[in-house]
Amino acid sequence: MSSACSIPIYYDLPDSEPPIGAPALAGDQDAEIAVVGGGLAGLAVALSLVERGVRPVVLEAAQVGDGASGRNGGFLQLGWAADDERVEAALGADAAVLFDAAKDAVALVKARVARHAIRTAVTPGIVEASLFADADELRRRADLLSRRHGVAFAHLDRARLGEWYRTSVYRGGVLDPCSVHLDPLALTRGYARAVLAGGGRLFEHSPVHALVPEPGGIRLVTANGRLRARQVVLATSVYGRDPDGRAARALLPVMTYALVTAPLGRRLEEAIRAPYAVFDDRFAMGYWRPLPDGRLLWGGKIGLSDAPRGLEAAMLADLHWVFPQLRDVAAERVWSGRMGFTRHRMPLAMPMDPGLWLATGFCGHGLGTTTAVGELLATALLEGDRRIDLLARFGRPWAGGVLGPLGAQLLYGWLELRDHVRLRRLASTAN
Ligand SMILES: Cc1cc2nc3c(=O)[nH]c(=O)nc-3n(C[C@H](O)[C@H](O)[C@H](O)COP(=O)(O)OP(=O)(O)OC[C@H]3O[C@@H](n4cnc5c(N)ncnc54)[C@H](O)[C@@H]3O)c2cc1C
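Letter by letter, the sequence shown follows residues 0 to 430 of numbering that gives the first Met the number 0.
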């Protein structure tokens with residue numbers, strides 16, 4: 000029996016990375032650099048600093064990985080949450096700098112998993128499976144992506160995809176051989192352990208209530224302790240409270256959902272004959288991946304509530320639509336997660352005031368881009384690297400306040416309806 004938003008989520012496995020168990024901040028302490036938020040964003044910044052000889056302090060409101068970082072789909076992909084075209088339109092030739100940073104981040108995550116012996120399988124290959132595009136469009140897309148990212152994306156025609164996946168819904172696809180899928184909670188906890196091993200400090204159960212500017216630094220205030228730092232990086236996303244308030248104005252909290260089945264054994268192998276993770280091209284994409292223990296992880300849908308009515312049934316209906324041969328398969332665990340969405344879909348990674356930086360707003364694409372921003376921010380702080388200014392060029396547009404969720408709900412509803420109508424139309428032309 001499953002229940003929406005049940006905790007622990009699937010990833011909290013006995014043979015995976017155990018919880019960190021760090022103490023709460025107490026008394027008065029000092030740090031050169033403090034990072035607020037123990038998700039991948041905060042920990043990626045901290046790890047990039049540690050790797051350059053700096054020993055930051057990370058303050059986490061709950062436990063490491065409790066936010067989106069520990070509950071996501073595990074797709075570690077090239078690129079940013081914004082469409083590549085949008086990044087190119089905004090930055091012109093400079094877009095290549097950010098595409099390279101995202102590509103380097105995928106390689107860096109893989110290297111760190113190996114270097115720090117982080118307990119997760121890292122499975123290569125992510126397929127974009129199309130419900131809408133024809134073979135010519137997909138071939139052109141594979142060529143374009145290959146040129147843009149310097150990786151050989153492969154066009155998959157319907158027959159090839161059909162050999163791998165026993166479903167009739169996809170018209171073809173594109174394989175990205177460079178991207179990987181992995182256990183995101185293990186990665187997040189692994190990053191935290193690497194930060195500690197490198198001399199960083201970490202405090203859990205330490206929500207930062209206030210930031211008090213002082214000469215030469217900022218004082219961070221928690222219930223039982225105070226930390227004085229020369230530089231502060233805010234990586235709080237939309238779990239907990241943004242102690243500064245300005246990032247929160249630019250972030251729309253968007254929920255998305257995932258489930259896992261029980262181990263399916265041979266039935267999984269019969270339906271799914273390739274190890275890749277797969278996502279489709281609907282607006283609120285459906286995505287799934289076979290897990291190392293023979294379960295199927297299924298994700299998708301977006302909304303504004305943690306546990307919308309009928310969620311589990313709707314997600315299972317999607318799974319059964321793609322794989323009718325699994326129509327009796329149930330969910331063993333269903334959960335939700337909250338993402339911080341920006342209007343332009345690029346992260347907010349920029350200086351705010353002297354000594355105060357943001358590293359947040361990774362939308363639904365933070366598994367690799369948090370590491371990219373960690374590198375950009377650490378090199379900006381320590382080496383005067385200005386690549387991070389490219390992200391600041393997207394600005395910090397207001398997310399709409401209380402009207403933001405309502406506008407988003409209407410837009411999402413409309414785009415989902417549009418996908419539904421397109422699918423109906425394609426099905427009727429095929430018959
Ligand atoms: C179900 C789901 C599926 C997803 N799938 C993918 C995917 O497959 N691939 C991908 O790339 N991305 C995916 N994402 C998005 C990805 O998870 C996020 O972009 C990423 O984890 C964001 O990391 P973060 O550190 O900014 O936020 P979070 O992980 O949410 O971390 C923020 C942390 O800040 C802490 N915090 C908040 N306020 C305070 C405070 N005042 N003091 C101290 N600490 C504070 C919180 O407790 C939290 O731990 C998915 C997200 C969800 C929810």
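Where is the CB? At the ideal position from N, CA and C, for every residue including glycine.
It should be emphasised that the depicted structure is a prediction, and the values quoted were computed from it without experimental measurement.
Paired residues, beta bridge with residue i - DSSP
i, result
"D175", "I125"
"G335", "Residue identity check: residue 335 is Ser in the sequence provided, not Gly. Answer by DSSP bridge pairing, in chain order: Y256."
"V211", "R218"
"D27", "R225"
"P350", "W356"
"A61", "Answer by DSSP bridge pairing: none, since A61 is not bridged."
"L201", "V57"
"A153", "L174"
"Y164", "I271"
"A33", "V56, V231"
"H453", "Here the chain has residues from 0 to 430 only, and residue 453 is not among them."
"F340", "L251"
"A453", "Lying outside 0 to 430, the shown extent of the chain, residue 453 is not represented and no answer is given."
Nearest-angstrom beta carbon gap, residue j and residue i [assumed within contact, 8 Å]
i, j, result
"L174", "G216", "Not really, about 49 Å apart at Cβ, beyond 8 Å."
"L67", "G38", "In the sequence under discussion, the amino acid at residue 67 is Ala, which differs from the Leu named in the question. Their Cβ separation, rounded to whole angstroms, is 7 Å, which keeps A67 and G38 in contact under 8 Å."
"V121", "V179", "5 Å"
"S304", "A40", "No, S304 and A40 are not in contact; Cβ-Cβ is about 24 Å, not under 8 Å."
"T359", "A246", "5 Å"
"G224", "A25", "5 Å"
"A153", "P176", "7 Å"
"T119", "S15", "7 Å"
"M345", "W163", "About 33 Å separates the two Cβ atoms, so there is no contact after all."
"M284", "G299", "6 Å"
"V108", "L97", "Going by Cβ atoms, the distance from V108 to L97 rounds to 17 Å, so no, they are not a contact pair."
Which whole runs of the beta strand (DSSP E) in the region 247–319 are 3 residues long or more, in chain order? 251–260, 276–279, 285–289, 295–302
Per the contact definition of three or more C-beta pairs closer than 8 Å, is the region 419–426 in contact with the region 384–391? no
With a threshold of 8 Å, are at least 3 pairs of Cβ atoms found where one atom belongs to the region 244–259 and the other to the region 291–311? Short answer: they touch.
Does the region 176–187 come within contact of the region 67–85, defined as at least 3 CB pairs closer than 8 Å? yes
Determine contact between the region 46–56 and the region 304–320, defined as no fewer than three beta-carbon pairs at a distance below 8 Å. No, the region 46–56 does not touch the region 304–320.
If we count Cβ pairs, one from each stretch, closer than 8 Å, do we get three or more for the region 333–345 versus the region 355–370? yes
Is the region 273–287 touching the region 124–143, taking contact as three or more C-beta pairs under 8 Å? yes
So, do the region 197–208 and the region 54–68 have three or more beta carbon pairs nearer to each other than 8 Å? yes
Continuous alpha helix (DSSP H) assignments of at least 4 residues falling wholly in the region 349–428: 365–382, 388–391
Are the region 92–104 and the region 134–152 touching by the rule of at least three beta carbon pairs closer than 8 Å? yes
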